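If you read the protein sequences in the order shown, they are chains A and B.
Those letters in the first sequence? Residues -9 to 682, per this note's numbering, in order.
Those letters in the second sequence? Residues 818 to 1397, per this note's numbering, in order.
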Amino acid sequence: MRNAPKPERTPLLNRPLARRAALEALAKLDPRRQARNPVMFLVWVGAALTTVLAVQPAFGRGEERFTFVLAIAGWLWATLYFANFAEALAEGRGKAQAESLRKTRRDVVAKKLARPERGAEHTLTPATSLRKGDPVLVEAGDVVPCDGTVIDGIASVDESAITGESAPVIRESGGDRSSVTGGTRVLSDWLVVRVVANPGEAFLDRMIALVEGARRGRTPNETALFVLLASLTIVFLLATATLRPFSAFAVEASGAGRAVSLTVLVALLVCLIPTTIGGLLSAIGIAGMDRMIQANVIANSGRAVEAAGDVDVLLLDKTGTITLGNRQAAEFVPAHGVTAEALADAAQLASLADETPEGRSIVVLAKERHGLRERALNELGATFIPFSAQTRMSGVDFDGREIRKGAADAIADYVSWHDGAFPADVRAAVERIARGGGTPLVVAERARVLGVLHLKDVVKGGIRERFVELRRMGIKTVMITGDNPLTAAAIAAEAGVDDFLAQATPERKLELIRDYQSRGHLVAMAGDGTNDAPALAQADVGVAMNSGTQAAKEAGNLIDLDSNPTKLIEIVAVGKQMLMTRGALTTFSIANDVAKYFAILPAAFAATYPELGGLDPMHLASPTSAVLSAVIFNALIIVVLIPLALRGVRYRPIGAQALLRRNLLVYGLGGLVAPFAGIKAIDVVLNGLGLA
Amino acid sequence: MTPQGWLAIGAYFVALLLLAKPLGEHVARVWSGEQTKLDRVLGPLERAIYRASGLRERADMDWKRYAKAFVLFHLVGTLFLYALQRLQGALPVGFGQADAIGPHSAFNTAISFVTNTNWQGYAGEAVMSPVTQMLGLGVQNSVSAASGMAVLAALARGFARRSASGLGNFWTDLVRSTVYVLLPSSIVLALVLVSQGVVQTFETRATVQLLDPIEVVASAPIDAQELVLGPVASQVAIKQLGTNGGGYYNANSAHPLENPTPASNVLECLSILLLPAALCFTFGAMVRDRRQGVALLVTMLVLFVPCVAAVYAAESGAPPALHAPGVDVAAGADRPGGNMEGKEVRHGIAASALWAASTTAASNGSVNAMHDSFTPLGGLVTLVLMQLGEVVFGGVGSGLYGMILFAIVAVFLAGLMVGRTPEYLGKKIGIFEMQMASLAILAPCAIVLVGTAVAVATPAGRASIANPGAHGFSEVLYAFSSAGNNNGSAFAGLNAGTAFFDVALGLAMFGARFLVALPVLAIAGSLAAKKTVPPGAGTLPTHGPLFVFLLASVVVLVGALTFVPALALGPIVEHVQMGR
């Protein structure tokens, strides 16, 4: 379904994107834009302070060498710049997509109707001046000017501008296919549409705003993480600020050296505060939304994406999601004294004119099993008796023969009317099929019952594997169906869902969701019909199909442009990925601090307590190169991690414990070890080049 | 280090765990209002307290009312204790004669005992009258521990209840914890201590003949000594059990009348960790998942056992200065070896090291040896144990609720790393919980760092520092680490009886108590109102070794990252210098 996704997949990095981000990042150095992020704002203050300090030695004052202070100041600005670059790059990818969306919107002229009917006279009005409730006419070749509900007519519509799906779809009044989206094009026939969104509030506008990141608020988990990062920042601010009086006391006590300089304190502070995660946090969030859009899913808010990662119950409609839309004939069960071939022959004759998918499947099965060719009804001189609500049978009359097929009780009435009897073995077969989840269809010729046809729901290929995957993610699947409990149980077992709701009504669906929620579960559901709307609104994550009704789309908080209900698996993975990336980088950032202490502390106290130098396992060349190396490492690690922030940490459904162990090993232990190697390498390079 | 020493330490842990489990289960029954075997004996006392105090309304309180009661109780206690010290000379009843305590010392002591810190800027036997010791200090020893237990009870209920607002009743929790837990256990301990020779009398002075009279030039030899007596055993029992640590005597449990025999030493040392360990089992029982309580206890042990080993190892090695010719620093049948400065010969190194680690891990603060005389590394461990936020066992109630704050942070990190909104014991951890947990973890760190900085930067603070150099810095850092985490032990060597230190440390103790307890109650209220999420395949189990490891790492990392610079200028540099 995703053969031609649009907006186009943007590569992680390309020249124009990088160039634009590089410029954007400069503009973001404005302190007012940094103030939103306390961690990076502190870096800004530190950079500004050291820049001022760098001027001091030029006048023969100051605590440190001019070049050293200047280098520190430069790298602090670089730290900020790299963080800005990551954010600008993530935003840039969204902006590129928004532009491609905007191209699809042209200056559309709408045919505004005086009355909501086709024959009414219309005036040509620019789409931007349409208001909610206005009726418009859209004819073949026209672009739909706005989001709306079809109130009259039927037409094929090309929705590729929105969904990337090139095959046209049918839109008609009433039912579940009545909504049209602005920017799509009517290919044939005509529609009368009632406008449902004012200009600027339409679907396309929302999508553009979303990909541009304009409406991105902070999600709850993101805010909670901010709280943690801010308090860590305060701790480190205190730890470094108090170091000045501590070291002044030490200097007095030991009578050697001088107190730690402001420049070194600022360097230590910036190295300790979680700049890695602080700098990449917004890029992670933007990239997460971006991945959602790449999966052809539009989220109403980042909150919905995050909630998707927490979902533990998933409700799915049976028809169209778990099973193919239609039942298919699977078996002929002849009555006693009737050959299977005779039954197949009669059944095929009765179904020749039956154009329903069930009817077609009977003809095909008879051909496959018994080599019976299709025959033309008119050649046989036969009359087709269509299904009617009164008789609840269909069939064929020819050559004085009268063949009927229908539900068991309808056929029982039919044969008894012809003074026939309903054989016990057929009754047993009917019960067996029903118990097995199939639909029994009895075939009879006047007083004689020929046998039973077994119609089966066909479970979609590969769906079982997807449910296994969901279970490994810790998500319970519940099938919703209007079938009786017996049939539902059989299909549930075959498809491998964990539970089912049979004889479902909209009320019972709603009730089921509330029940799960009251027990603390987070429920996701996918739906498209108007009668799904209440349940979609009640569910914590409601995925509306883009092919569905306007009501459903408004009730849901995610819209799947591909209209693929199992898309939830991808949505959950994206939600989890976003959290995991933040968690991994936070852990990495904090673990880094251990090595930075080992590098900077002995260097900071080198003049007062030179014996502390023995604590540095990296044996860095000099105190100044130690401090500078740590600061450079701190800045460069942001650049190194930009791809990870944009792409996200990979989610694997291996269970929480195994996932945690893995990530702790990679990002915790890795974060502990990496800076030792990194700082040492930078130190070697600096001294090799004679820069320190 | 001797095999006997290690064996004694090992036996200590076995005894601790054997006693802690039944006691913890008992506390859970007491908090849940269930019948216990003690009801027949102590039930009338409980009811009498309710009648006498006019406490009729014992309905559930929401977190705000619970917190108000908690604060009110502390304020009234502080005022009463302050008044008692200021007026002790003028009181009509009074066994010994004692003068009024000075205002800043009384301020410091009042806060110290009410907040379960028991920092002592005075010499108990010299300045406090027995009435003040019993009615003031003894009572606070008990109720300050009980109020810490009450906060933990409220937090446990916050986890256990779903979609509720009530956290229990503060007054009932306070009374029941005192009557059914602290009172009976301290009576038993006091009686056993008396059997070992700890004094318990209303007589205030006794004169004893010296076995070995002291010859004095140009005067008659001194052949008698006057001893200060008092109701010591009862106060020692509760100071140990209630993680108070405020001794009757200035020398605390190094004093032979507070801690005379090896048996009394073992019992007193065991009592330090007994309730904090038992409350882990209580918590598990209250949240109806005993494995969770065990996991928290194991985390504490994982952090604690290496610390004990480190202190024991550090003190068993002799400092280079002792390697002088003629000094045998190796342990032998007739000598303990190692660093015996400041240690009682009758306790030896293993018992002193174990006590030092226990008393700083738990926020007890009683001592049987002088921490100031420990080797730099031994002293470093005691400092670190306090700076971790008094969560490794910690105070009665307060230690465990502090550890649970760290568990919330650990769960948050873990939740992010497995891609799920974090949840602990079925409760989702949201923005509010993170704000409160961060505040409560941040506050003690800030108090210790800022307090120490002010002390070393101002003349008033510097005036008290007797030892020059890194050791003097360690002493100040120790004082604020102790007060800022409600521990109460002292490094000595620092003249803390000045107006500056009395006031600064008083404020530190006050902040450390409320800035942790109140956020904890707020979290309890917020959690109680939430639904309980059933565990599923995506839930991270919080009782396994992986979580224990993560939790221990978070505790160490927060402590280490905050205090490493300060420690580098104190004990670490001292150690490095000593090795030269």
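Note that beta-carbon positions come from the ideal geometry of N, C-alpha and C, so glycine has one too.
Source: prediction; values computed, not measured.
Does the Cβ of residue i have 16 or more other Cβ atoms within 10 Å, making it buried, or fewer, making it exposed?
| i | result |
| --- | --- |
| ASN474 of chain A | exposed |
| PRO1409 of chain B | No answer is possible for residue 1409 of chain B: it lies beyond the span of chain B, which begins at 818 and ends at 1397. |
| GLY906 of chain B | exposed |
| GLU212 of chain A | buried |
| ARG55 of chain A | exposed |
| HIS1288 of chain B | buried |
| ARG752 of chain A | The requested residue 752 of chain A is not part of the displayed model; chain A covers only -9 to 682. |
| ARG857 of chain B | exposed |
| ARG1330 of chain B | buried |
| GLY452 of chain A | exposed |
| VAL998 of chain B | buried |
| HIS1140 of chain B | exposed |
| ASN(-7) of chain A | Here ASN(-7) of chain A scores only 37 on pLDDT, less than 50, and its place in the model is too uncertain to base an answer on. |
For residue i, which residues from the same chain have a beta carbon less than 8 Å from its beta carbon, with the 5 sequence-adjacent residues on both sides left out?
| i | result |
| --- | --- |
| LEU16 of chain A | TYR71, ASN74 |
| PHE1191 of chain B | VAL1128, ALA1131, GLU1132, ASN1156, GLY1159, ALA1173, THR1199 |
| ARG108 of chain A | LEU127, ASP142, GLY143, TRP180, VAL182 |
| LEU19 of chain A | TRP34, TRP67, LEU70, TYR71, ASN74 |
| ALA320 of chain A | LEU355, GLY428, HIS444, LEU445, LYS446 |
What is the rounded straight-line gap between the Cα of residue i and the Cα of residue j?
| i | j | result |
| --- | --- | --- |
| GLY1062 of chain B | VAL931 of chain B | 13 Å |
| THR576 of chain A | GLU149 of chain A | 42 Å |
| GLY850 of chain B | PHE1210 of chain B | 25 Å |
| LEU7 of chain A | ILE632 of chain A | 14 Å |
| ALA927 of chain B | LEU1368 of chain B | 35 Å |
| TRP848 of chain B | ASP990 of chain B | 6 Å |
| ALA117 of chain A | ALA337 of chain A | 56 Å |
| GLU1391 of chain B | ALA273 of chain A | 45 Å |
| MET(-9) of chain A | ASP179 of chain A | Unreliable placement is indicated for MET(-9) of chain A, whose pLDDT of 35 sits below 50; no coordinate value is reported for it. |
| LEU681 of chain A | SER1281 of chain B | 46 Å |
| VAL1162 of chain B | ARG978 of chain B | 52 Å |
| ALA1224 of chain B | GLY1110 of chain B | 12 Å |
| ASN1067 of chain B | SER929 of chain B | 15 Å |
| PHE1019 of chain B | PRO1048 of chain B | 6 Å |
| ALA970 of chain B | PRO555 of chain A | 47 Å |
| SER244 of chain A | GLN821 of chain B | 41 Å |
| ILE622 of chain A | GLY638 of chain A | 24 Å |
| LEU649 of chain A | VAL1235 of chain B | 6 Å |
| MET1251 of chain B | LEU218 of chain A | 7 Å |
| ALA61 of chain A | LEU270 of chain A | 23 Å |
| ALA832 of chain B | LEU1087 of chain B | 8 Å |
Take residue i and list the residues in its own chain whose beta-carbon comes closer than 7 Å to its own, dropping the five residues that flank it on each side.
| i | result |
| --- | --- |
| GLU328 of chain A | Note that residue 328 of chain A corresponds to Val in the displayed sequence, not to Glu. Within the same chain, VAL328 of chain A has close Cβ partners LEU440, GLY441. |
| LEU339 of chain A | VAL386, ILE393 |
| ALA775 of chain B | Only positions 818 to 1397 of chain B appear in this structure, which leaves residue 775 of chain B out of reach. |
| ALA434 of chain A | ARG394, ILE401, TYR404, VAL405, LEU440 |
Under 6 Å Cβ to Cβ from residue i, same chain only, skipping five residues before and after it: list those, please.
| i | result |
| --- | --- |
| TRP988 of chain B | LEU872 |
| ALA594 of chain A | VAL250, VAL254 |
Where the stretch 636 to 670 of chain A meets chain B: residues whose CB sits under 8 Å from a CB there: Listed by position, the residues of the stretch 636 to 670 of chain A near chain B (Cβ gap below 8 Å) are TYR641, GLY645, ALA646, GLN647, LEU649, LEU650, ARG651, ASN653, LEU654, TYR657, GLY658.
Complete beta strand (DSSP E) runs within the stretch 381 to 426 of chain A (minimum length 3 residues, chain order): 383 to 388, 391 to 396
Counting only Cβ-Cβ distances shorter than 9 Å, please list the residues of the stretch 462 to 482 of chain A near chain B, keeping chain order. Here the close residues are ARG462, MET463, GLY464, ILE465, LYS466.
With 7 Å as the limit, tell me which residues of the stretch 1228 to 1240 of chain B have their beta carbon closer than that to any beta carbon of chain A; keep them in chain order. PHE1229, LEU1230, ALA1231, LEU1233, MET1234, VAL1235, GLY1236, ARG1237, THR1238
Counting only Cβ-Cβ distances shorter than 9 Å, please list the residues of the stretch 418 to 430 of chain A near chain B, keeping chain order. none
Complete beta strand (DSSP E) runs within the stretch 122 to 195 of chain A (minimum length 3 residues, chain order): Taken in chain order, the complete beta strand (DSSP E) segments of 3 or more residues contained in the stretch 122 to 195 of chain A are 125 to 129, 138 to 148, 159 to 162, 175 to 185.
Relative to chain B, which residues along the stretch 536 to 567 of chain A have a C-beta separation below 8 Å, given in chain order? GLY565, LYS566, GLN567
Quick check on the DSSP output: what are the complete alpha helix (DSSP H) runs of length 4 or more inside the stretch 1110 to 1181 of chain B, in order along the chain? 1165 to 1178
The stretch 264 to 282 of chain A: which residues have C-beta closer than 8 Å to a C-beta of chain B, in chain order? none
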